[in-house]
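A.B. asks: Right, I'll just put the structure down here and ask away after.
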Amino acid sequence: MGLLVQTTCRLCSTVAQQIDGPLMSGYRPRCVDCGEARLVTPDRLGEDAEPSAWERQVTVLAGTCSCGGWFTVDAPLRCPHCRSSEVEVEVEGTAD
Ligand SMILES: [Zn+2]
Ligand SMILES: [Zn+2]
Numbered sequence: 033m034g035l036l037v038q039t040t041c042r043l044c045s046t047v048a049q050q051i052d053g054p055l056m057s058g059y060r061p062r063c064v065d066c067g068e069a070r071l072v073t074p075d076r077l078g079e080d081a082e083p084s085a086w087e088r089q090v091t092v093l094a095g096t097c098s099c100g101g102w103f104t105v106d107a108p109l110r111c112p113h114c115r116s117s118e119v120e121v122e123v124e125g126t127a128d
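Set out below in structure tokens:
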């Protein structure tokens, strides 16, 4: 179950709604550099994936971001406008 969050940037005041965490439709790793999320569907993960291994698998399956960064499930939420991770996060609900 993912969370629907609202981020407010401390630097440029951009307010954005983002989804944090895995969804029914798959994992949503974020780019470590720009914060862009990419969906990785569970059927692409090996059935025998250990919990300790799937985070690495998600990173491999998500590939490389258009900015050149890579994706991880624990990358910080970022402002979609200026890419700062200095954002206030307010949970608005759940997403699935
Ligand atoms: Zn990126
Ligand atoms: Zn910003």
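Under the numbering used here, the first residue of the sequence shown carries the number 33, and numbering increases by one thereafter.
For every residue, glycine included, the Cβ atom is placed at its ideal position computed from N, Cα and C.
Just so you know, these numbers come straight off a predicted model, no measurement behind them.
1) Under the rule that 16 or more other beta-carbon atoms within 10 Å means buried, what is A94, buried or exposed?
2) Touching or not, the region 67-85 and the region 106-120, by the rule of three or more beta carbon pairs under 8 Å?
3) Quick one: does the C-beta of C66 sit closer than 8 Å to a heavy atom of ligand 2?
4) State the Cα-Cα distance for the pair L77 and Y59, rounded to the nearest angstrom.
5) Quick check: is any heavy atom of ligand 2 less than 8 Å from the C-beta of L109?
C.D. replies: From the atom records:
1) Classification for A94: buried.
2) At 8 Å Cβ cutoff, the stretches touch.
3) no
4) L77 and Y59: Cα-Cα distance of roughly 10 Å.
5) The answer is no for L109.
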